[in-house]
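See structure below.
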Amino acid sequence: MVMDYSTRLRTAAQNTEDLRTRELALNLAAVHERIDGAVEAAGRTDRPELIVVTKFFPAADVVRLHKLGVCHIGENKDQEAAAKAAEVGQLEQLHWHFIGQLQTNKAKSVARYAHAVHSVDREKLARALDSAVVLAVEEGVRSTPVQVLLQVDLRQPLPEDQRGGASPEDLLRLAGAVAESEYLQLTGLMAVAPLETAPEPAFKRLSQLSSSLSERHPQATEISAGMSQDLEAAVRYGATRLRIGRDVLGERPDP
Ligand SMILES: *Cc1c(COP(=O)(O)O)cnc(C)c1O
Numbered sequence: 007m008v009m010d011y012s013t014r015l016r017t018a019a020q021n022t023e024d025l026r027t028r029e030l031a032l033n034l035a036a037v038h039e040r041i042d043g044a045v046e047a048a049g050r051t052d053r054p055e056l057i058v059v060t061k062f063f064p065a066a067d068v069v070r071l072h073k074l075g076v077c078h079i080g081e082n083k084d085q086e087a088a089a090k091a092a093e094v095g096q097l098e099q100l101h102w103h104f105i106g107q108l109q110t111n112k113a114k115s116v117a118r119y120a121h122a123v124h125s126v127d128r129e130k131l132a133r134a135l136d137s138a139v140v141l142a143v144e145e146g147v148r149s150t151p152v153q154v155l156l157q158v159d160l161r162q163p164l165p166e167d168q169r170g171g172a173s174p175e176d177l178l179r180l181a182g183a184v185a186e187s188e189y190l191q192l193t194g195l196m197a198v199a200p201l202e203t204a205p206e207p208a209f210k211r212l213s214q215l216s217s218s219l220s221e222r223h224p225q226a227t228e229i230s231a232g233m234s235q236d237l238e239a240a241v242r243y244g245a246t247r248l249r250i251g252r253d254v255l256g257e258r259p260d261p
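Residue numbers (the working numbering): 7 to 261.
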């Protein structure tokens with residue numbers, strides 16, 4: 007059997023002199039063990055992909071994570087992400103995932119470095135992002151489409167503030183707009199579990215919404231859900247991409 011992620015990471019932790027690398031390796035090992043446990047408990051045969059969310063932490067940590075085998079990095083603010091992506095430069099197989107609220111005027115910047123945008127929640131943003139990717143391709147900054155996950159707001163009843171994603175009723179229309187675009191690849195759904203309630207019912211609903219989306223768009227099967235505190239529940243309800251920050255990087259400073 008090949009050595010599993012957590013064994014390899016614990017070995018890497020033993021073999022490094024850099025204290026921060028050691029800390030990250032041990033944290034990553036613990037997260038991978040939790041994922042393994044959750045996958046087994048859910049009786050799943052596939053394993054969700056880990057996206058390590060590095061917001062508030064320096065580019066040097068991204069480089070350390072990459073050396074430990076992390077290929078997927080999540081960021082939620084364009085200014086911070088763009089600077090970090092520039093500082094880190096081209097690293098083999100490193101993919102940036104944009105997971106935060108996105109204003110249309112930032113689409114141009116995001117299109118230059120993002121492999122995936124998990125937070126598309128309105129047609130106007132989808133159109134802006136598509137044009138931005140076309141431009142980035144013309145400029146030779148990228149050659150591939152951007153993966154798009156539609157962010158859905160799972161709060162019930164749905165507040166008017168429009169901060170947590172598209173309403174479930176709007177998803178199919180939004181998906182249609184993304185699917186028709188030139189350089190966006192409709193990939194799936196993303197959600198954050200509502201703060202006030204248990205995550206399970208929300209993730210269950212997300213999984214149902216995902217089924218109806220992929221009936222119409224068979225390629226759009228990814229489910230981006232699960233953070234440090236609710237990864238087990240997300241895995242149980244079919245998450246294929248987990249976005250984990252603090253349990254790998256440590257506590258963030260209070261904003
Ligand atoms: C910060 C963030 C995460 C990671 O959350 P942790 O609690 O640090 O694991 C996941 N998703 C989104 C959208 C985030 O902004």
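We treat Cβ as the ideally placed atom computed from N, Cα and C, and that holds for glycine. Being a predicted model, the structure only gives us computed values, none of them experimental.
Quiz item: Between R118, T27, V59, which lies nearest to L74 when the distance is taken from Cα to Cα?
Solution: T27
Quiz item: Within the chosen definition, does the stretch 225-239 reach the stretch 178-195 through at least 3 CB pairs nearer than 8 Å?
Solution: Result yes; three or more Cβ-Cβ pairs closer than 8 Å.
Practice problem: Look up S12 in the DSSP assignment and say whether it is helix, strand or coil. | Solution: Of the three classes helix, strand and coil, the one that applies to S12 here is helix, per DSSP.
Self-check item: First through last residue of the alpha helix (DSSP H) which encompasses E39
Solution: 25-47
Self-check item: Nearest to V68 (by Cα), restricted to the options G146, S216, L30, L190
Solution: The residue from G146, S216, L30, L190 with its alpha-carbon nearest to that of V68 is L30.
Quiz item: Residues bridged to Q191 by DSSP?
Solution: For Q191, which the question treats as bridged, DSSP gives the partners Q153.
Exercise. Please classify S234: does DSSP put it in a helix, a strand, or coil?
Key: coil
Quiz item: If you compare alpha carbons, which of Q109, T17, F104 is closest to A120?
Solution: F104
Practice problem: Compare the C-beta of A66 against all C-beta atoms of chain C and say whether one is closer than 7 Å. | Solution: The structure shown contains no chain C, having only a single protein chain.
Self-check item: Range covered by the alpha helix (DSSP H) that runs through A142
Solution: 129-144
Quiz prompt | Heavy atom of ligand 1 within 6 Å of S213 beta-carbon | solution = no
Self-check item: Beta-carbon proximity check, V139 vs A117, cutoff 7 Å
Solution: yes
Quiz prompt | Cβ separation of K130 and T150, assumed to be a contact under 8 Å, to the nearest whole Å | solution = About 23 Å separates the beta carbon of K130 from that of T150, a gap too long to meet the 8 Å contact definition.
Practice problem: Could you check how far apart the C-beta atoms of S12 and E39 are, in whole angstroms? I think they sit under 8 Å. | Solution: 5 Å
Quiz item: Touching or not, the stretch 164-171 and the stretch 216-226, by the rule of three or more beta carbon pairs under 8 Å?
Solution: no
Quiz item: Quick one: Cα of A113 to Cα of L178, how far?
Solution: 22 Å
Quiz item: Cα separation between T51 and N21?
Solution: 32 Å
Exercise. Let me know the beta strand (DSSP E) ranges lying completely inside the stretch 58-116, each 3 residues or longer, listed in chain order.
Key: Note on the stretch 58-116: whole beta strand (DSSP E) runs with a minimum of 3 residues are 78-81, 101-104, in chain order.
Practice problem: Use the C-beta contact count for S125: other C-beta atoms within 10 angstroms, 16 or more gives buried, fewer gives exposed. | Solution: buried
Quiz item: By Cβ distance, which residues of its chain are closer than 6 Å to V59, with the 5 residues on each side in sequence left out?
Solution: G80, R249, G251
Quiz item: If you check the beta carbons only, do K90 and A65 fall under 7 Å apart?
Solution: Yes.
Quiz prompt | Alpha-carbon to alpha-carbon, V37 and D10 | solution = For D10 and V37, the gap between their C-alpha atoms comes out near 13 Å.
Exercise. Quick one: using the 10 Å Cβ neighbour count with 16 as the cut-off for buried, is P6 buried or exposed?
Key: Residue 6 is absent from the model: the chain starts at 7 and stops at 261.
Practice problem: Name all residues in chain order for which at least one heavy atom of ligand 1 lies closer than 5 Å to the residue's CB. | Solution: V59, N82, I105, M233, S234, R249, I250, G251, R252
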